[in-house]
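Peer 1:
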Amino acid sequence: MIDIVELARKARNASFDFALLDTKTKDNALNAIADILDANKDEIYRVNALDVQRAKDNGLSEAMVDRLTFNDSRFNEMVGGVRKVALLSDPVGRTFDGRTLPNGLTLCKKSVPFGVVGVIYESRPNVTVDIAALCLKSGNACFLRGGSEALETNKLLHSLIAKALESSGLNPDGVTLLESTDRELVSKMLQLNEYIDVLIPRGGEKLQRMCQRDSSIPVIIGGFGISHIFVDETANLDKAVEIVLNAKTQKPSACNSLDTLLIHKNIAKLFMEKLLPELSKKNVAVVAHHEAYDLCQGYKLLEEGKKEDFDIEFLSLKLNITVVPDVYEAIAHLRAHNASHSDAILTDSRHNAKLFTAAAGSACVYVNASTRFSDGGQFGLGAEVAISTQKLHARGPMALAELNTYQYVCEGDYLSRA
Numbered sequence: 006m007i008d009i010v011e012l013a014r015k016a017r018n019a020s021f022d023f024a025l026l027d028t029k030t031k032d033n034a035l036n037a038i039a040d041i042l043d044a045n046k047d048e049i050y051r052v053n054a055l056d057v058q059r060a061k062d063n064g065l066s067e068a069m070v071d072r073l074t075f076n077d078s079r080f081n082e083m084v085g086g087v088r089k090v091a092l093l094s095d096p097v098g099r100t101f102d103g104r105t106l107p108n109g110l111t112l113c114k115k116s117v118p119f120g121v122v123g124v125i126y127e128s129r130p131n132v133t134v135d136i137a138a139l140c141l142k143s144g145n146a147c148f149l150r151g152g153s154e155a156l157e158t159n160k161l162l163h164s165l166i167a168k169a170l171e172s173s174g175l176n177p178d179g180v181t182l183l184e185s186t187d188r189e190l191v192s193k194m195l196q197l198n199e200y201i202d203v204l205i206p207r208g209g210e211k212l213q214r215m216c217q218r219d220s221s222i223p224v225i226i227g228g229f230g231i232s233h234i235f236v237d238e239t240a241n242l243d244k245a246v247e248i249v250l251n252a253k254t255q256k257p258s259a260c261n262s263l264d265t266l267l268i269h270k271n272i273a274k275l276f277m278e279k280l281l282p283e284l285s286k287k288n289v290a291v292v293a294h295h296e297a298y299d300l301c302q303g304y305k306l307l308e309e310g311k312k313e314d315f316d317i318e319f320l321s322l323k324l325n326i327t328v329v330p331d332v333y334e335a336i337a338h339l340r341a342h343n344a345s346h347s348d349a350i351l352t353d354s355r356h357n358a359k360l361f362t363a364a365a366g367s368a369c370v371y372v373n374a375s376t377r378f379s380d381g382g383q384f385g386l387g388a389e390v391a392i393s394t395q396k397l398h399a400r401g402p403m404a405l406a407e408l409n410t411y412q413y414v415c416e417g418d419y420l421s422r423a
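Everything in the sequence shown is counted per my numbering, starting at 6 for the first residue and increasing by one.
1) Thinking C-alpha only, which one of I226, G98, D27, I231 is nearest A252?
2) Would you please state the rounded distance, in angstroms, between the beta carbons of H342 and D316? I believe it to be under 8 Å.
3) Whole angstroms are fine: how far does the CA of C415 sit from the CA of L110?
4) DSSP state of E416, grouped into three classes?
5) From S94 to F119, what distance separates their C-alpha atoms?
6) Among the residues of its own chain, which have a CB less than 8 Å from the CB of L35, if the five just before and after it don't count?
7) Give the DSSP-derived three-state secondary structure of N271 in the structure shown.
8) How big is the Cα-Cα spacing for L175 and A146?
9) Excluding the 5 residues flanking P96 on each side, which residues of the same chain have their C-beta closer than 6 Å to its C-beta?
10) Assuming V328 is part of the beta strand (DSSP E), what are its boundary residues?
11) Give, in chain order, every unbroken run of the alpha helix (DSSP H) that is at least 4 residues long and sits entirely within the region 145 to 208.
12) Just how far apart, CA to CA, sit R400 and S379?
13) Start and end of the alpha helix (DSSP H) containing K15?
14) Under 7 Å, do E313 and V292 count as touching if we go by C-beta distance?
15) Under the three-state reduction of DSSP, which class applies to N45: helix, strand or coil?
16) For the candidate residues K114, P107, N108, Q217, whose alpha-carbon lies nearest to that of T100?
17) Would you please state the rounded distance, in angstroms, between the beta carbons of L360 and D348? I believe it to be under 8 Å.
18) In or out: E389 buried (at least 16 other Cβ within 10 Å) or exposed?
19) Any C-beta of chain B sitting closer than 7 Å to the C-beta of N373?
20) Mapping the DSSP letters down to three states, classify S393 as helix, strand or coil.
21) With a threshold of 8 Å on Cβ separation, who are the neighbours of I248 within its own chain once the five nearest residues in sequence on each side are excluded?
22) Got a sec, what are the start and stop residues for the beta strand (DSSP E) I231 sits in?
23) Short check: CB of I1 to CB of A364, under 7 Å?
24) When the Cα atoms are used, what is the spatial distance from G103 to Y298?
25) In angstroms with no decimal places, state the Cα-to-Cα distance between F23 and A54.
26) Below 8 Å, can you find three or more Cβ-Cβ pairs linking the region 177 to 194 to the region 157 to 165?
27) According to DSSP, which residues form a beta bridge with D348?
28) Can you give the beta carbon distance from I136 to L149, rounded, assuming they're within the 8 Å contact cut?
29) In the DSSP assignment, find the unbroken beta strand (DSSP E) run with S116 in it and report its ends.
30) Between K31, Q302, H269, which has its C-alpha nearest S285's C-alpha?
31) Okay, do the region 264 to 277 and the region 321 to 329 touch, 3+ Cβ pairs below 8 Å being the bar?
32) Measuring CA to CA, which of E238, H346, Y371 is closest to S354?
33) Which word fits M6, buried or exposed, when buried means at least 16 other C-beta atoms lie within 10 angstroms of its C-beta?
34) Judging by CA-CA distance, which residue of E11, L320, R377, K287 is the nearest neighbour of N306?
35) Could you name the residues of the same chain whose beta carbon sits closer than 7 Å to that of L300, not counting the 5 residues immediately before and after it, in chain order?
36) For Y333, does the three-state DSSP call read helix, strand or coil?
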């Protein structure tokens, strides 16, 4: 029987040690983690293949199975991410806003770790490694609960991380994995505010809302959101086709893959003539709305869209397409349909680009670029704990800086308040 309170207490104690680690010690431990993962690649693949087969046998969606599966590209990106984190500047102990006040008090803010970062996540086993690396470098311990579909892969990755920490002279409890599929333990985890300082759910909307509703720990929401691209009438249509294809098909199961394509009415017919043959080659199913449905007649994977389709995060080779009269209607559509994650405008109009970026409520907003760039590694952050879609503390890819809070450091010369 797992004693979740005892696990959390040990993580809490380890967090006090992690907060005091110097940069060299943390970087050496990170490189040790990368080394041990590289050395055990074949075993990781073997165990992951068992999880993948079990997921298929249990009827998990294609998107979930894809997120679960390791390949060389994803494995190398994961290990490379750990090494990149080791090369990044240490966020702990930075000082800012320093000043001396009229009362004689010298005041500054200093960046400090949260303590214990709790993360609940689904499918992707690389998240275990990403979070462990980012939390270690930012001086935090972490308490992890991965999805049942990736349990064996996560257990192996965690055991290798623990060995690397021990070989580096660090407390392995600083990276704690809840090795259970018991959902009741998740409910208990949400009440461990005495030991866990911040909770980050990584998964679908159901998980996010449940954590918001039931947690006694402060929650940072991230990962869910409908992604949009608006193709303006001034856009280079050939280049726009390439970006739409990348955003939709480069990794359809990703949370920043394209869900809804908005096309300016003045170029809709010409753009669809260029785009549809390319979507067909990639077997993308098109959910066409209103005028766009007429423009898509003859497309092999076509269905007529309903209003509620605009609120679905597809995570697959499926795409909403609709026609709008101008950039203002595109912005209105984003506001009506949860544009909180990654959204883009393709345009050669500076005015429209500026208007779109100012009006979009997205954590990441793009001009003439694919939404697929919303990623800690792509942003030069090494990796990410999550992509935050809320508006307090952190937005977009959460990496080292966002895993620190601050404290006021106040100095006086034996100063008393008058």
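Every residue, glycine too, gets a C-beta built ideally from N, C-alpha and C.
Peer 2: Reading it off the structure:
1) By one-based count along the sequence shown, residue 252 stands at place 247. Of the listed residues, the one whose Cα sits closest to A252 is I231.
2) Here residue 342 refers to the residue found at position 337 of the sequence shown. Here residue 316 refers to the residue found at position 311 of the sequence shown. Contact holds; Cβ gap of about 6 Å.
3) Reading the sequence shown from its first residue, position 105 is the one you call residue 110. Reading the sequence shown from its first residue, position 410 is the one you call residue 415. Answer to the nearest angstrom: the Cα atoms are 7 Å apart.
4) Counted from its first residue, the sequence shown places residue 416 at position 411. In the structure shown, E416 sits in a strand (DSSP, three-state: E or B).
5) Against the sequence shown, residue 94 aligns to sequence position 89. Against the sequence shown, residue 119 aligns to sequence position 114. In this structure, the straight-line span from the alpha carbon of S94 to that of F119 is close to 18 Å.
6) On the sequence shown, residue 35 is found 30 positions in, with the first residue counted as 1. Result list for L35: V87, R88, V90, A91, A138, L141, K142, in chain order.
7) What you label residue 271 is simply residue 266 of the sequence shown in a count that begins at 1. In this structure, N271 counts as helix in the three-state DSSP scheme.
8) As a working mapping, residue 175 is identified with position 170 in the sequence shown. As a working mapping, residue 146 is identified with position 141 in the sequence shown. C-alpha of L175 to C-alpha of A146: approximately 11 Å in a straight line.
9) Residue 96 sits at position 91 when you count from the first residue of the sequence shown. Correct list, in chain order: S116, S143, L405, A406, N409.
10) If you number the sequence shown from 1, residue 328 lands on position 323. That run of the beta strand (DSSP E) goes 323 to 329.
11) DSSP runs (the alpha helix (DSSP H)) wholly in the region 145 to 208: 156 to 172, 188 to 194.
12) By one-based count along the sequence shown, residue 400 stands at place 395. By one-based count along the sequence shown, residue 379 stands at place 374. Their Cα atoms are separated by approximately 11 Å.
13) Position 10 of the sequence shown, counted from the start, is the residue given in the question as residue 15. Here the alpha helix (DSSP H) through K15 covers 9 to 23.
14) Position 308 of the sequence shown holds residue 313. Position 287 of the sequence shown holds residue 292. No.
15) Your numbering for residue 45 matches position 40 in the sequence shown. The three-state reading of DSSP puts N45 in coil, since its state is none of H, G, I, E or B.
16) Within the sequence shown, the letter at position 95 stands for residue 100. Ranked by how close their Cα comes to the Cα of T100, the residues K114, P107, N108, Q217 have K114 in first place.
17) Position 355 of the sequence shown holds residue 360. Position 343 of the sequence shown holds residue 348. Distance from L360 to D348 at the Cβ level is roughly 13 Å; contact not present, criterion being Cβ atoms closer than 8 Å.
18) By one-based count along the sequence shown, residue 389 stands at place 384. The residue is buried, with at least 16 neighbouring Cβ atoms inside 10 Å.
19) Absent from the structure: chain B. Only one protein chain is present.
20) Translated into positions along the sequence shown, residue 393 becomes position 388. DSSP places S393 within a strand segment (E or B) once states are collapsed to three.
21) Within the sequence shown, the letter at position 243 stands for residue 248. Within the same chain, I248 has close Cβ partners I234, A349, L351, N373, A374, S375.
22) Reading the sequence shown from its first residue, position 226 is the one you call residue 231. Per DSSP, I231 is not a residue of any beta strand (DSSP E), being assigned neither H nor E.
23) The question about residue 1 has no answer, for the chain in this structure spans 6 to 423.
24) Counting from 1 along the sequence shown, the entry for residue 103 is found at position 98. Counting from 1 along the sequence shown, the entry for residue 298 is found at position 293. So the two alpha carbons sit approximately 59 Å from each other.
25) Counting from 1 along the sequence shown, the entry for residue 23 is found at position 18. Counting from 1 along the sequence shown, the entry for residue 54 is found at position 49. F23 and A54: Cα-Cα distance of roughly 34 Å.
26) Touching, per the Cβ criterion.
27) Translated into the one-based positions of the sequence shown, residue 348 becomes position 343. When DSSP reads this structure, D348 sits in a beta bridge with H233, V370.
28) The residue you call residue 136 lines up with position 131 of the sequence shown. The residue you call residue 149 lines up with position 144 of the sequence shown. About 6 Å separates the two Cβ atoms, so the contact holds.
29) If you number the sequence shown from 1, residue 116 lands on position 111. Secondary structure note for S116: its beta strand (DSSP E) is the uninterrupted segment 111 to 118.
30) Counting from 1 along the sequence shown, the entry for residue 285 is found at position 280. Nearest C-alpha to S285 among K31, Q302, H269: Q302.
31) With the cut-off at 8 Å, the region 264 to 277 and the region 321 to 329 touch.
32) The residue labelled residue 354 in the question sits at position 349 within the sequence shown. Of all alpha-carbon atoms in E238, H346, Y371, the one lying nearest the alpha-carbon of S354 is that of E238.
33) Reading the sequence shown from its first residue, position 1 is the one you call residue 6. When all chains shown are included, M6 counts as exposed.
34) One-based indexing of the sequence shown puts residue 306 at position 301. Here residue 306 is Leu; the residue named in the question, Asn, does not match the sequence. For the residues E11, L320, R377, K287, the minimum Cα distance to L306 belongs to K287.
35) Translated into positions along the sequence shown, residue 300 becomes position 295. Leaving aside the five residues that flank L300 on each side, the residues in its chain whose CB is nearer than 7 Å to its CB run, in chain order, A273, K274, M277.
36) Here the question's residue 333 lines up with position 328 in the sequence shown. Helix, per DSSP.
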